[in-house]
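*Asks:*
Residue numbers (the UniProt record's numbering): 1 to 1163.
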C-alpha cells in the first residue's frame, strides 16, 4: 500500500494526490516527503506522520553549510555552492576551505573545474557517465599537437594523415610511422646516425657502435600510481598511471596515448570513447526531455554522431509508422534509474551500407543504403539486435505492462528488460496514447512559398539541435526561423536555402554567424540537414557531407527567443526579418521530418502540442511545381493543385522563362558606345575611347595617349592568356590589313601543335574564327571579304560548343565544335598580330603568316584591352589616319581618339567643338573640377615679385621647386584685382550678426576668415588650405586638412596661444562631392560640411587677428613648420571644384593655365 497505509500528500489546490512517478502528470514531492514508487503506483508520502518541518535542522538530510537551506540528499546534495564549483567538472559543490579551490575530476582543470586540461576534451560528456574529461589520444606521429577540438575530440593532423586521432594515412597502402606515412612494403634500414633517426616521447638519440638508438632517461615516482588515475592505453593495455604509459611509449618508441580513464575492458573497441553508461530510466514515461530543461541547458554538448556508439538513451527515437490501425509510440521502461554496464558495439542498425555483407548484425540486410532487420524480425531498442517477433514476450520477474499504462484502448507490448511500447488506436497518440489527435489531412507536409507552420517559441538558452528532412523545387526558401523581437532585432536563429545552399544563422548579440553547407542541394531530392548550437559554437551538416563549424565572436553565449517559431515561411512585412534569414522566399517543397532537440514534431495542427497554427500546408505531391517546369533559374509559384506561374529573371521571358530577352533593346550604353549581348546572358558596353564604366557613363580621365601598334608579318604582341573563357566569351578586334592573309589573335594550350585553341585569322581576305575544345574544331568564316587598307571590326562569341562571327555589321556566321566536350582550356600566352613560331601553333588553327597592318582596339567580354601598346617584337607606331601623330586633327592640344575610320577629340576644359576649335572663358569655368595629384600646389592671390607685376610668370609649381625664401622672407604684392571685403552671409548656420561685421585692417591683420570649398577624394589624409606667416607655430596661421577621412580646421592667433583644432564628424573620403564651409570671427570658429550640423569652438585668447600678409596655399605646402599633425605634411590628392575666399570665387585654372591636362571630370 502507498505510504504504508498512511494518506499520501495531496495538492493543496486541487486536492488530488501527488503523482511522483513517470507519467504525464508527474510532480516533485515536497521537501518533507519522499516518493514511494512501485511498478504499480508512485505517491508522495510524509517522512514522519504529523511532524512538520520548522527549520532545516528538522529536514530529512539536515542543513546545508549556510544553516538555512535544507539539503536535498546526503553529502549536502542540492545545496547552493559558496565557491561556484562547476557541477560537471567537480566532485561536489563544496570547495576546499583553505585554498577555496574546487576538487576537480580527472582531466578537468581551473579553479572552478569549468574546463578541460590541455590534452583533454568533452567536459559536457561527463553527463554520459564518463569519470572526467576525455583524453585527446592524438597520435604523436600523425598529429600537429597533443590537444584536440573541444567539441568533437578531433585532432589536428599533419599533411597526408587523416582520421579522428590522426592515425590513418590518406594514401592507400601506406602506414604511419615515426617518420610519417610510408609504404608498407618498404623496409626501413637500421639507422647508423642520429641524422637518420627521429626520437619521440621525450627520448634522446644516442650513437654507439655504428648504430643510432633512442635512449629514454625519464622515470616515474614510486607513489605515482597511487596519486594518479589508472589509465587505459589505445593499445588495449592498462597502465598504473599516465606517467607509466608515457614512460612505456618513450622506452619502446610506440605511438601510445591515453584512451580512457580506468582499466581497459575486454570488449573495449580501440579508439572509442569509453566508458559510456546507458541508463534505463523511468523518465521515459514522460515525453522526451524538452530542449528547455535545465539539464539540456547546462550539461549537454554538441555531439557528432558516431555509428559505433549508442549516444542516446534507449527508446528516445519515435517510430511514426502506420500499421493495423495502430501507432507505435515510444519504447519505455518501468523502473527507477539503474546504471548498467556499458556495451561497446562496432555496428548498429540503420548504419550506412552498400551491400548485405556490410551489415554484420545477425538477421540484418542492406535496404536503401541502410542496415535493417529482415522480414519477421524487429529492431531492438538499442539498435544492436534483430529480434524474432514470436520470441518477444513478457518476462516473469517484472511485467512492465502489468500496470496497464496504455490509455484509450492502446495495446501494450512488453519487450522484457522492463521495456514496453504502446500501440495506439487511430485518433490517439503520445507515449501512453493519452492524446486525442485530429485526423491527418496529409502525411508529408508540402509548402507553396506562403504556407507555414507556427510553433511555440523554443527554449534554447544554451543549446539547440534542429534536424529537418526536406526537398525543394527552388534555390531559395525558408526552413526554420525563431527570433527575440517581432521587428527582427535582437537574437535569432534560422535555417534557410540561399542560392542553392543551406545556411544556418544565429545571433546571440555579438553579431550574426552564418554557416553554409559545402555542397549544393539537388532539386526534388530529399535532404537531411542537422544544425546544432552550444553556447557560441555552431555546427551544420547536410546529408553525409563534412560538417561546417563556426563560432560567435564576443562574450555573449545565450540565445534569447521570445517570439513563436515558424516553419516554411514567416508571415511578416518587416525587412529586417528577411535580412536575418538571407532570403524572403518561402519554402517551395516538402518537409517529411522535423526534430527539435530530442523531440519529433508532427507538422499537423491538433496532433502535436508544439504546433500552434498551420496555414496553407497540403499533401506533398499535390504541388504543380514538383516537375520544375520553369527554366533558366526561374522561380515557380503554384496557383492551385494544377496551375502555376513562373517568375523569370531579367534576361528571360515566356510562359516557362524559356525565351532569352535581348538586353540591348533599351539602349543601355551611353555616348554612342555599342551594346553587345553576351552568350552567357546579360550585355556588355563597348565604350568608345575616352569613356569607361558599365554603361560608358564615366569619362576616362586617365586616357591621355592612344598609340596604335603596326605589324609587319613577323611582328607580334604577347599578353597573358585569356581568363574566364572556359564556357563562354566574346571578343572584338578593330584591325586594318594590307595583305589578304594574317593572324589577328591566337591562344593555345601547348606548343606541340595539339590541344585546345582559339584563333582569328585572315584567309584570302575572309575572316575565319576557329576553336577546338578537344573533340573536333569549329571553323566559322564570314561571307564578306575585308577591304585592304580600311579599318574593320571582327566580333566573335562562343557558348560551350557554339560560336558566332560577324564582320562589321554584316551577316552573322555560326558554327559548332565536335561533341561532346564543351570547356576551353588555355595555358599559353595570348598572341596578337602574330606568333613566336608557327610550328608551335595547332595545325588546325589555319595560321600561315603574321598580320601586315595595324590593330586599333581589342575587347574581351566587352572590356577594352588596356595592354595594347608598342612593347612587342618588331612593333612600331602606326603613322596614318584617323589620328596621325604628326598631323593631329584635334586643335588646341586636344587628344585624338580613333574610332575605326573616324575619330573623336578630347578637348581642354576651355575648348569645345568637334575639333576643339571653340574657345570659352566664361565665369562657369571658375567652377571647373581640377584634379590634384599630390605634386600640384597653388597660391592665392598670385605671388609677384616687386618690379615684375606685369610679367607672365607661372606660380603653380611642383613641390620640389618651391623655394623657402619665397615662402617666408620675400615681400609680396597682390595683383590689381578687387578682393571683396564682404564676409559672412546670414543663414541659419551663421554664427555672426549682420551689424557685427568687421573689416580687414591691413595694418594689423584680419579678424574674419571665410572659406568655401567643394572637394572629392578617396584619400584619408592631406592638406587642403594653408595660411601662415613665419617659420614656427608661434606665429599666426590657419589650416584646413583631411585627417583620417574627416575635415579638420586648425588655427592659432598669437605667440602664446595653443593650437586650436576642430574636427567634423562627417567622413568625406568616400569619393563623393562634399562642400566645406570654414568661418572664423575673432576667437570663434566653426566648420560646416554639406547640410550637416556645424561644429563650433571658442578659444580663450588675447589675439583676434590673423596676419594680413598670410598668403593662401591650396593643395599643400612644401615648407611647413614642425610640430604639426602628421596628415598636414601630405599634399592633397583628389578634386577641387569650387573655392570661395571671402565670397570671392577663385579661378583655379587662371592660377595655372597648364592645369588643363590634369582636369578632373564629373562622374
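Backbone N, C-alpha and C define an ideal beta-carbon position, used for all residues, glycine too.
1) Alpha carbon to alpha carbon, what distance is there between residue 141 and residue 178?
2) Can you name, in chain order, every residue of its own chain whose Cβ lies under 8 Å from the Cβ of residue 220, other than the five neighbours on each side?
3) Smallest Cα separation from residue 499: which of 848, 587, 370 and 91?
4) Hey, residue 1022 and residue 1130 are a contact pair by Cβ (cut 8 Å); roughly how many whole angstroms apart?
5) Compare the Cα-Cα distances from residue 911 to each of 895, 903 and 900 and report the closest residue.
6) Can you grab the Cα-Cα spacing for the pair residue 735 / residue 634, in whole Å?
7) Hey, is the stretch 373 to 390 in contact with the stretch 356 to 365, meaning 3+ C-beta pairs nearer than 8 Å?
8) Using CA coordinates, which residue listed in 929, 481 and 708 is at the minimum distance from residue 865?
9) Any heavy atom of the ligand FMN within a distance shorter than 8 Å of the CB on residue 1086?
10) What's the gap between the Cα of residue 663 and the Cα of residue 629?
11) For residue 474, count the other beta carbons within 10 Å of its own beta carbon; 16 or more makes it buried, fewer makes it exposed. Which is it?
12) Cα separation between residue 522 and residue 684?
13) I need the straight-line Cα distance from residue 1049 to residue 929, nearest angstrom please.
14) In angstroms, rounded to a whole number, what distance separates the CA positions of residue 460 and residue 559?
15) Let me check one thing: in DSSP terms, what residues is residue 1080 bridge-paired to?
16) By the DSSP assignment, the alpha helix (DSSP H) with residue 581 in it spans what residues?
17) Residues bridged to residue 549 by DSSP?
18) Here's the rule: buried if 16 or more other CB atoms are within 10 angstroms of the residue's CB, otherwise exposed. What is residue 919?
19) Go ahead and pull the three-state DSSP assignment for residue 1152.
20) Can you give the Cα-Cα distance for residue 380 and residue 374, rounded to whole angstroms?
21) From what residue to what residue does the beta strand (DSSP E) around residue 746 run?
22) Reducing DSSP to helix, strand and coil, say where residue 618 ends up.
23) Determine the extent of the alpha helix (DSSP H) in which residue 1182 is found, giving its start and end residues.
24) DSSP three-state label for residue 844, please.
25) Could you name the residues of the same chain whose beta carbon sits closer than 6 Å to that of residue 781, not counting the 5 residues immediately before and after it, in chain order?
26) Around the C-beta of residue 123, are 16 or more other C-beta atoms found within 10 angstroms, so that it is buried, or is it exposed?
27) Between residue 668 and the rest of its own chain, which residues show a CB-CB distance below 8 Å, the 5 nearest in sequence each way excluded?
28) Nearest-angstrom Cα distance between residue 819 and residue 728?
29) In whole angstroms, what separates the C-alpha of residue 453 from that of residue 571?
30) Please state the DSSP three-state secondary structure of residue 813.
31) With DSSP as the reference, identify every bridge partner of residue 770, one or two as the case may be.
32) Since residue 1139 is in the beta strand (DSSP E), which residue starts that stretch and which ends it?
33) Using DSSP with H/G/I as helix, E/B as strand and the rest coil, what is residue 933?
34) My understanding is that residue 1040 touches residue 1047, with C-beta atoms under 8 Å, so please give their C-beta distance in whole angstroms.
35) Whole-angstrom Cβ separation of residue 843 and residue 753, contact assumed at under 8 Å?
36) Let me check one thing: in DSSP terms, what residues is residue 25 bridge-paired to?
*Replies:* Reading off the structure:
1) 5 Å
2) Closer than 8 Å at Cβ, skipping near neighbours: 241, 243, 244 and 247.
3) 587
4) 5 Å
5) When only C-alpha atoms are compared, the closest one is 895.
6) 41 Å
7) yes
8) 708
9) Although the ligand FMN was asked about, the structure shown includes no ligands whatsoever.
10) 24 Å
11) buried
12) 32 Å
13) Near 23 Å, if we compare the C-alpha coordinates of residue 929 and residue 1049.
14) 6 Å
15) 1009 and 1085
16) 575 to 581
17) 539
18) It counts as exposed.
19) coil
20) 13 Å
21) 742 to 748
22) strand
23) The structure shown does not extend to residue 1182, since the chain is modelled only from 1 through 1163, so no value can be given for it.
24) Looking at residue 844 - three-state DSSP - the assignment turns out to be helix.
25) 766 and 768
26) buried
27) 675, 683, 685 and 695
28) 16 Å
29) When rounded, the distance between both Cα atoms is 10 Å.
30) Here residue 813 sits in strand by DSSP.
31) 759 and 779
32) 1133 to 1141
33) strand
34) Yes, they are in contact, since the Cβ atoms of residue 1040 and residue 1047 sit about 7 Å apart, within 8 Å.
35) That belief holds up - the Cβ atoms of residue 843 and residue 753 are roughly 5 Å apart, short of 8 Å.
36) DSSP lists no partner for residue 25.
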